[in-house]
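Numbering (our numbering), first residue to last: 12 to 289.
Right, one structure below, let's go through it.
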Amino acid sequence: LLISACAGAATPAPPTAAPAEDLPAQPLRDARSREKGGCEDPRLSVIDGRVYMTYSAYADVLQIALASISKEDFMDLIQGDKRAALTKWKRYGPVFPGRQDRNAVLFPGKIDGKYALLHRPTSEETRNIAITFADSLEPPWPNHYETIIRTRPDMWDSERVGAGAQVLKTRHGWLLIYHGVGLRRGRRNYMLGAALLDMKDPRRVLSRSSEPIFIPLKDYELYGWAPMVVFANGAIVKGKDATELVEDGDEIIIYYGGGDHVIGVACAKLSDLLPSSA
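So, in structure tokens, the structure goes:
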């Protein structure tokens with residue numbers, strides 16, 4: 012495997028965002044109904060001094076929702092008055108109102124004049140990663156999407172795929188850590204892989220893992236509320252800001268869920284995740 016667990020399971024901390032339930036009622040009444048089943052799978056991107064969060068809003072329809080907060084207020088969530096900072100989130104609502112969708116990753120800035128979002132529209136026949144472009148970050152986004160990463164029969168990601176951590180900028184292209192579902196030793200596993208997307212046109216997939224780069228091995232990944240699951244939601248580069256270019260020798264730290272009941276941390280160098288041709 013190309014990734015090693017560098018810190019094991021972590022103790023959960025208080026949330027930095029929560030379903031709208033105890034904030035001023037009138038402006039968030041609709042938000043409460045959209046999130047009555049909870050909000051989960053947050054992914055963060057920094058754009059123009061604000062932290063944008065995509066997340067799954069659970070209600071009658073599982074939808075992608077969007078919220079943002081200033082970097083200063085976001086730091087207060089970690090270091091300052093958490094309850095006060097929770098009120099600073101600006102909630103935009105569903106990105107694709109009424110459509111079942113999840114696994115959203117927002118690119119950190121415009122590409123050819125447009126914002127870009129990876130996501131997975133959900134239907135009986137759709138288990139693939141798609142991309143949508145928009146002129147504005149604020150919903151609703153256009154309903155049109157283009158599938159870019161599909162499941163592959165008889166491979167480790169044969170059943171479904173979904174974007175994992177936010178994309179990282181490298182000289183080879185956008186690095187995407189994604190999850191794939193398939194059979195391993197006769198059992199259904201959630202595993203991680205890597206893909207490179209073209210920097211100027213992320214609809215173009217330059218390379219993709221032929222084998223998983225991270226699989227469930229530890230007890231806390233093999234057993235739990237959802238057994239045999241590793242599910243990435245974030246990644247950072249050790250010693251670098253989110254806007255900096257990731258070099259081949261840089262260490263990438265990946266945050267993931269194990270068994271849907273613990274938070275784990277795993278590490279790898281960028282060079283270990285790239286195909287030899289990159």
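We treat Cβ as the ideally placed atom computed from N, Cα and C, and that holds for glycine.
Quick caveat, the model's predicted, so the values are computed rather than measured.
Drop a sphere of 10 angstroms on the beta-carbon of histidine 183, count the other beta-carbons inside from all chains shown, and report buried for 16 or more, exposed for fewer.
The residue given as residue 183 occupies position 172 in the sequence shown. Residue environment: histidine 183 is assigned as buried (16 or more neighbouring CB atoms within 10 Å of its CB, all protein chains considered).
Please report the straight-line C-alpha distance between alanine 169 and lysine 99, rounded to a whole angstrom.
Position 158 of the sequence shown holds residue 169. Position 88 of the sequence shown holds residue 99. Here residue 169 is serine; the residue named in the question, alanine, does not match the sequence. Serine 169 and lysine 99: Cα-Cα distance of roughly 41 Å.
Check whether the segment 242-252 and the segment 157-166 touch, using three or more Cβ-Cβ pairs below 8 Å as the test.
no
Would you decide whether glycine 19 is buried or exposed? Buried here means 16 or more other CB atoms lie within 10 Å of its CB.
Within the sequence shown, residue 19 is the residue found at index 8, counting from 1. Since pLDDT at glycine 19 reaches only 48, below the 50 mark, its modelled position is unreliable, and the value read off the structure follows with that caveat. The residue in question, glycine 19, is exposed, as its Cβ has fewer than 16 Cβ neighbours within 10 Å.
Any idea what DSSP makes of isoleucine 89, helix, strand or coil?
To locate residue 89, count along the sequence shown from 1; it is residue 78. Note: isoleucine 89 maps to helix in three-state DSSP.
Bridge partners of tyrosine 201, per DSSP?
Locating residue 201 in the sequence shown gives position 190, where the first residue counts as 1. In DSSP, tyrosine 201 forms a bridge with Val192 and Val240.
Spatial neighbours of tyrosine 63 within its chain, please: C-beta separation below 8 Å, excluding the five flanking residues on both sides.
Position 52 of the sequence shown, counted from the start, is the residue given in the question as residue 63. Cβ neighbours of tyrosine 63 beyond the five flanking positions: Leu55, Ser56, Val57, Leu77, Ala78, Ser79, Leu117 and Leu148.
Does the beta-carbon of histidine 190 have 16 or more other beta-carbons within 10 angstroms, so that it is buried, or is it exposed?
On the sequence shown, residue 190 is found 179 positions in, with the first residue counted as 1. Classification for histidine 190: buried.
Any 3 or more C-beta pairs closer than 8 Å across the segment 231-242 and the segment 271-280:
yes
For glycine 109, which residues from the same chain have a beta carbon less than 8 Å from its beta carbon, with the 5 sequence-adjacent residues on both sides left out?
In the sequence shown, counting from the first residue as 1, residue 109 sits at position 98. Excluding sequence neighbours, glycine 109 sits near Val72 and Gln74.
Secondary structure at tyrosine 156, three-state DSSP: helix, strand or coil?
In the sequence shown, residue 156 corresponds to position 145, counting from 1. Coil.
Can you tell me whether glutamine 90 is buried or exposed? The criterion is at least 16 other CB atoms within 10 Å of its CB, across all chains shown.
In the sequence shown, counting from the first residue as 1, residue 90 sits at position 79. The residue in question, glutamine 90, is exposed, as its Cβ has fewer than 16 Cβ neighbours within 10 Å.
DSSP three-state call for tyrosine 234: helix, strand or coil?
For the purposes of this step, residue 234 is identified with residue 223 of the sequence shown, where counting begins at 1. Tyrosine 234: coil per DSSP, three-state reduction.
Who are the near neighbours of alanine 176 in its chain, counting only those whose CB is closer than 8 Å to its CB and skipping five residues on each side?
Within the sequence shown, the letter at position 165 stands for residue 176. Arg54, Val116, Leu187, Ile188, Ala243, Asn244, Gly245, Ala246, Ile265 and Tyr266.
I'd like to confirm the pairing. Which residues does DSSP put opposite phenylalanine 107 in its beta bridges?
Within the sequence shown, numbered from 1, the residue matching residue 107 stands at position 96. In the DSSP output, where bridge partners are listed per residue, phenylalanine 107 has none listed.
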